[in-house]
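Participant: Can you read through this structure? Questions will come right after.
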Amino acid sequence: MNSSVSAAVPDEGRPLVTPRTLTLVAIAALALAWGWLPDFTVAVLSNIGLYALVAVGLVMLTGVGGMTSFGQAAFVGMGAYATAWLCTSPMAAGWALAPWIGLALGLALTFALAWALGAVTLKLSGHYLPLCTIAWGLSLYFLLGNMAFLGGQTGITGVPPLVVFGLSLATPRALGVVIWAVLLLALWALHNLLDSREGRAIRALKGGRLMAESMGVDTARHRIKLFVLAALLAAVSGWLYAHLQRFVNPTPFHLNIGIEMLFMAVVGGAGHLWGAVLGAALITLLKEKLQDVLPALLGTSGNFEVVVFGLLMLVVLQRFADGLWPTLARVTRRWVRPVAVPAAAVATAPLEQRALPAKGTVLLQADAVTKRFGGLVANDAIAMTLNAGEVHALIGPNGAGKSTFFNMVSGVDDPTSGDVRLMAQPMAGQPSRAFAARGMGRTFQHVRLLGQRSVLENVALGAHLRGQRGWLAAMLRLDRAEEAALLAEARRQIERCGLGAHVDTPAASLSLGRQRVVEIARALAGQPAVLLLDEPAAGLRHLEKRALSDLLIQLRAEGLGILVVEHDMEFVMNLADRITVLEFGRVIATGTPAEVQANPKVLEAYLGGADDELLGGAP
Ligand code: ADP
Ligand code: MG
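With my numbering as the guide, the letters of the sequence shown map in order to residues 1144 to 1762.
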């Protein structure tokens, strides 16, 4: 364990402090100093806390989940206006509970609206979400400004302060404590969420829909939930803001501010929760300074801070593409670094095991599977079966339709006609996560790993469907036993595949050959009965190929059915029990390696075309 940890971290030696200790010390220092800090500092810190609460939602959405929203300021506005309107309405005025009902109202409205926006846009890929959030950001601003009952451009005044246990939080010094407590609580919960099964699923969103869905992750649902979560954090910030300022008007909820909030998340460090706090602090202080300095330098006639601000952002993003937090972490790594916790500190109940079907059972059956792309028939009435305990290879020249067929039998795409059965169940119209749930594991022709994450995390994602705990359980750390069991299973598969020394290594720093093996370990973590491997030997060196062969032979002996597309003929001929040969979308031969090699049609297909793989071995 220790050796693998030190292998992942080049500079040796114990750090002076762990991030956890440093965080606790910083919080304690802030808490002690709070009563003595000047009013102005307290006000600025409170603002930073409010912005950071929004930015941390954006870090989850943008940095971790790969989605962009320009409209967060509008969600802040929703939270602020909901409570302001409710608390000043004649029926609730003067009632101590009113702000809490205002909070509930703001959250409910935000939830409904974010869910609706997400449901409309998030299933579509590309730029729909960013565009839609811009439209939303603009329209709420104008709506607020034009609604008489919300005070139009003047807004709503006379918002009462928060009262907690009879204590009135009327000053920034009092409410600031609540703001920072809420922020720290959010950071804690989000940190927990990211460090869990569901967190891995959220991170997988960035690895592309195809990969995540194949691991059993419902990507559309996770994207919507993430969007709603970020919106709710913004609404809470708005609620606090309204009770801090004690009045609201449309200006702070303009699209410009939404863009600034996105800057905060990105500048701080898109994928890092504390980066949001850093970004919020830097940009708030910077704006403060620019407002002081620029009029003196350039005169008061123009609105120069927007220009200077934009230029500074460009420079920062140019220089630090991943934000400032990773740079800060790198610079301070000598002193501040996490100390690895020994694995399996929690007693783990083993995960439920899937009983593998008896050898010889038909696992996967394709019947007359046809796929047309316009006029092109990429798969023409292909029939094939895969049994438990066999390796079935799919070969054929480039463009023969192998990858298309793989997509048909893994739920990535639907056949134009024909029928695919997995474990005797018709799978027509099912998404690939349904295939995963029924016992299919797969790897990809182009490796799809989360390069910055450890091998352990990547492999544990493969076990996604073997756990049940959801977001809330993860945030509250109620998932620890299940999480330990999932990680233990991932470790087991990593060791089984011979990568035990690389458990904590970021996946991207392994050789391509090893990354392919990580993908196999990830598939195995789902305890599949059927394994689909798309060119597993590509890019492997001779010894690595031998090790891969041995692993597949062992898996076959355990009773898995393995369907493999492979170009390396030596590898295929030595390993496969049966081979199906495709050409121009049709099956031209099927049989044992010896039968296929002697088949004149196969020789013709390989010798007649430009391909000479059968003779020459690996291309
Ligand atoms: P292989 O994996 O055997 O090299 P493919 O399955 O990738 O072959 O491709 C089979 C044929 O289908 C090729 O002629 C390819 O150009 C075509 N094809 C594959 N995918 C698509 C698509 N999404 N749209 C149109 N044509 C496609
Ligand atoms: Mg292909």
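In this text, a Cβ means the ideal position worked out from N, Cα and C, and glycines have one as well.
Where the beta carbon is closer than 7 Å to any heavy atom of the ligand MG, which residues qualify, in chain order?
Facilitator: Taking each Cβ in turn, the ones that pass are LYS1545, SER1546, GLN1588, VAL1708.
Participant: Roughly how many angstroms lie between the CA atoms of PRO1481 and ARG1157, to the nearest whole one?
Facilitator: Residue 1481 sits at position 338 when you count from the first residue of the sequence shown. Residue 1157 sits at position 14 when you count from the first residue of the sequence shown. Answer to the nearest angstrom: the Cα atoms are 9 Å apart.
Participant: From which residue to which residue does the alpha helix (DSSP H) around GLN1658 run?
Facilitator: Translated into positions along the sequence shown, residue 1658 becomes position 515. Taken as a continuous stretch (DSSP letters only), the alpha helix (DSSP H) holding GLN1658 covers 1655 to 1668.
Participant: Please confirm whether any heavy atom of the ligand ADP lies closer than 7 Å to the CB of LEU1519.
Facilitator: Working through the sequence shown from its first residue, we reach residue 1519 at position 376. It does: the Cβ of LEU1519 is within 7 Å (strictly closer) of some heavy atom of the ligand ADP.
Participant: What did DSSP end up calling LYS1502 once you bin it into helix, strand or coil?
Facilitator: On the sequence shown, residue 1502 is found 359 positions in, with the first residue counted as 1. If DSSP states are grouped into helix, strand and coil, LYS1502 belongs with coil.
Participant: Mark ASN1392 as exposed unless 16 or more other C-beta atoms lie within 10 angstroms of its C-beta, in which case mark it buried.
Facilitator: Position 249 of the sequence shown, counted from the first residue, corresponds to residue 1392. With 16 or more Cβ atoms within 10 Å of its Cβ, ASN1392 is classed as buried.
Participant: Is GLY1584 helix, strand or coil by DSSP?
Facilitator: By one-based count along the sequence shown, residue 1584 stands at place 441. Of the three classes helix, strand and coil, the one that applies to GLY1584 here is strand, per DSSP.
Participant: Quick one, which of ARG1657, GLU1341, VAL1520, VAL1410 has its alpha-carbon nearest HIS1685's?
Facilitator: Translated into positions along the sequence shown, residue 1685 becomes position 542. For HIS1685, the nearest C-alpha among the options comes from ARG1657.
Participant: Return yes when the Cβ of LEU1229 is within less than 8 Å of the Cβ of LEU1094, no when it is not.
Facilitator: With the chain represented from 1144 up to 1762, any question about residue 1094 goes unanswered, as that position is not in the structure.
Participant: Under the criterion of a Cβ to heavy atom distance below 7 Å, does PHE1516 qualify as lining the ligand ADP?
Facilitator: If you number the sequence shown from 1, residue 1516 lands on position 373. Checking every heavy atom of the ligand ADP against the Cβ of PHE1516, one is found closer than 7 Å.
Participant: Within the present structure, is the beta-carbon of GLY1539 separated from the nearest heavy atom of the ligand ADP by less than 7 Å?
Facilitator: The residue given as residue 1539 occupies position 396 in the sequence shown. Yes, the ligand ADP has a heavy atom inside 7 Å of this Cβ.
Participant: Quick check: the Cα distance between LEU1196 and ALA1377, rounded to an integer number of angstroms?
Facilitator: One-based indexing of the sequence shown puts residue 1196 at position 53. One-based indexing of the sequence shown puts residue 1377 at position 234. Computed Cα separation, rounded: 7 Å.
Participant: May I ask you to check if the CB of ALA1501 is nearer than 7 Å to at least one heavy atom of the ligand GDP?
Facilitator: Within the structure as shown, the ligand GDP is missing, the only ligands being the ligand ADP and the ligand MG.
Participant: Starting from VAL1458 and walking both ways along the alpha helix (DSSP H), at which residues does that stretch end?
Facilitator: Position 315 of the sequence shown, counting from 1, holds the residue named residue 1458. Here the alpha helix (DSSP H) through VAL1458 covers 1447 to 1462.
Participant: Is the closest heavy atom of the ligand ADP to the C-beta of ALA1680 under 7 Å?
Facilitator: As a first step, residue 1680 is located in the sequence shown; it is residue number 537 there, counting from the start. No, Cβ of ALA1680 sits at least 7 Å from all heavy atoms of the ligand ADP.
Participant: When you compare the CB positions of THR1276 and SER1212, do they come within less than 8 Å of one another, or not?
Facilitator: On the sequence shown, residue 1276 is found 133 positions in, with the first residue counted as 1. On the sequence shown, residue 1212 is found 69 positions in, with the first residue counted as 1. Yes, the Cβ-Cβ distance between THR1276 and SER1212 is below 8 Å.
Participant: Just the C-alpha distance for VAL1724 and VAL1512, rounded to the nearest angstrom, thanks.
Facilitator: By 1-based counting over the sequence shown, the position of residue 1724 is 581. By 1-based counting over the sequence shown, the position of residue 1512 is 369. VAL1724 and VAL1512: Cα-Cα distance of roughly 15 Å.
Participant: Measuring only from the beta carbon, is ALA1543 closer than 7 Å to any heavy atom that is part of the ligand ADP?
Facilitator: If you number the sequence shown from 1, residue 1543 lands on position 400. Answer for ALA1543: yes, Cβ within range of the ligand ADP.
Participant: So, with DSSP's three-state summary, where would you put ASP1182?
Facilitator: For the purposes of this step, residue 1182 is identified with residue 39 of the sequence shown, where counting begins at 1. Correct three-state label for ASP1182: helix.
Participant: How would you call MET1221, buried or exposed, if buried means at least 16 neighbouring beta carbons within 10 angstroms?
Facilitator: On the sequence shown, position 78 is the one that residue 1221 refers to. Buried, because 16 or more other Cβ atoms sit within 10 Å of the Cβ of MET1221.
Participant: Answer yes or no: does any C-beta atom of chain B fall closer than 8 Å to that of GLY1295?
Facilitator: No chain B appears in this structure, which consists of one protein chain only.
Participant: Considering only C-alpha positions, which residue in the set GLY1453, PHE1285, TRP1243, LEU1398 is nearest to ALA1308?
Facilitator: In the sequence shown, counting from the first residue as 1, residue 1308 sits at position 165. The identity of residue 1308 in the sequence shown is Phe, whereas the question assumes Ala. Comparing Cα-Cα distances from PHE1308 to each of GLY1453, PHE1285, TRP1243, LEU1398, the minimum goes to TRP1243.
Participant: Among GLY1192, PRO1671, ASP1435, MET1716, whose alpha-carbon lies nearest the alpha-carbon of GLY1704?
Facilitator: For the purposes of this step, residue 1704 is identified with residue 561 of the sequence shown, where counting begins at 1. That would be PRO1671, whose Cα lies nearest to the Cα of GLY1704.
Participant: Which residue or residues does DSSP assign as beta-bridge partners of SER1597?
Facilitator: Counting from 1 along the sequence shown, the entry for residue 1597 is found at position 454. DSSP output for SER1597 lists PRO1649 as bridge partner(s).
Participant: Around the C-beta of ASN1530, are 16 or more other C-beta atoms found within 10 angstroms, so that it is buried, or is it exposed?
Facilitator: Residue numbering aside, residue 1530 sits at position 387 when the sequence shown is read from its first letter. Label assigned to ASN1530: buried.
Participant: Would you say VAL1707 and PRO1736 are within 8 Å of each other, going by their C-beta atoms?
Facilitator: Within the sequence shown, residue 1707 is the residue found at index 564, counting from 1. Within the sequence shown, residue 1736 is the residue found at index 593, counting from 1. Taking 8 Å as the Cβ cut-off, VAL1707 and PRO1736 do not qualify as a contacting pair.
Participant: Would you mind listing the beta strand (DSSP E) stretches within the stretch 1665 to 1750 that are 3+ residues and don't spill past its ends, in chain order?
Facilitator: Segments of the beta strand (DSSP E) lying fully in the stretch 1665 to 1750: 1673 to 1677, 1704 to 1708, 1721 to 1726, 1729 to 1734.
Participant: Short check: CB of ILE1299 to CB of THR1231, under 8 Å?
Facilitator: To locate residue 1299, count along the sequence shown from 1; it is residue 156. To locate residue 1231, count along the sequence shown from 1; it is residue 88. Yes.
Participant: What residue from ALA1217, LEU1250, TRP1177 has the CA that sits closest to ALA1317's CA?
Facilitator: Mapped onto the sequence shown, residue 1317 falls at position 174. Ranking ALA1217, LEU1250, TRP1177 by Cα distance to ALA1317 puts TRP1177 first.
Participant: Does the distance from the C-beta atom of GLN1697 to that of LEU1667 stay below 8 Å?
Facilitator: For the purposes of this step, residue 1697 is identified with residue 554 of the sequence shown, where counting begins at 1. For the purposes of this step, residue 1667 is identified with residue 524 of the sequence shown, where counting begins at 1. Cβ distance not < 8 Å, so GLN1697 and LEU1667 don't count as in contact.
Participant: I need the straight-line Cα distance from ALA1355 to TYR1271, nearest angstrom please.
Facilitator: Walking along the sequence shown from the start, residue 1355 turns up at place 212. Walking along the sequence shown from the start, residue 1271 turns up at place 128. So the alpha carbons of these two residues sit roughly 21 Å apart.
Participant: Between the stretch 1563 to 1575 and the stretch 1626 to 1644, are three or more C-beta pairs nearer than 8 Å?
Facilitator: With a cut-off of 8 Å, the stretch 1626 to 1644 and the stretch 1563 to 1575 do not count as touching, because too few Cβ pairs lie within range.
Participant: Suppose the cutoff is 7 Å on Cβ atoms and the five residues either side in sequence are ignored; what does the same chain contact list for PHE1516 look like?
Facilitator: The residue labelled residue 1516 in the question sits at position 373 within the sequence shown. For PHE1516, where only same-chain residues beyond five positions count, there are no Cβ hits under 7 Å.
Participant: Nearest to LEU1165 by alpha carbon, out of CYS1640, THR1475, VAL1660, GLY1295?
Facilitator: Numbered from 1 along the sequence shown, position 22 holds the residue referred to as residue 1165. Among CYS1640, THR1475, VAL1660, GLY1295, the Cα nearest to that of LEU1165 belongs to THR1475.
Participant: Report buried or exposed for ALA1150, applying the criterion of at least 16 other Cβ atoms within 10 angstroms of its Cβ.
Facilitator: Numbered from its first residue, the sequence shown carries residue 1150 at position 7. With a pLDDT of only 42 at ALA1150, under 50, the local geometry of the prediction cannot be trusted, and the value read off the model is given with reservation. It is exposed - the Cβ of ALA1150 has fewer than 16 other Cβ atoms within 10 Å.
Participant: So, with DSSP's three-state summary, where would you put PHE1292?
Facilitator: For this step, residue 1292 is matched to residue 149 along the sequence shown. Helix.
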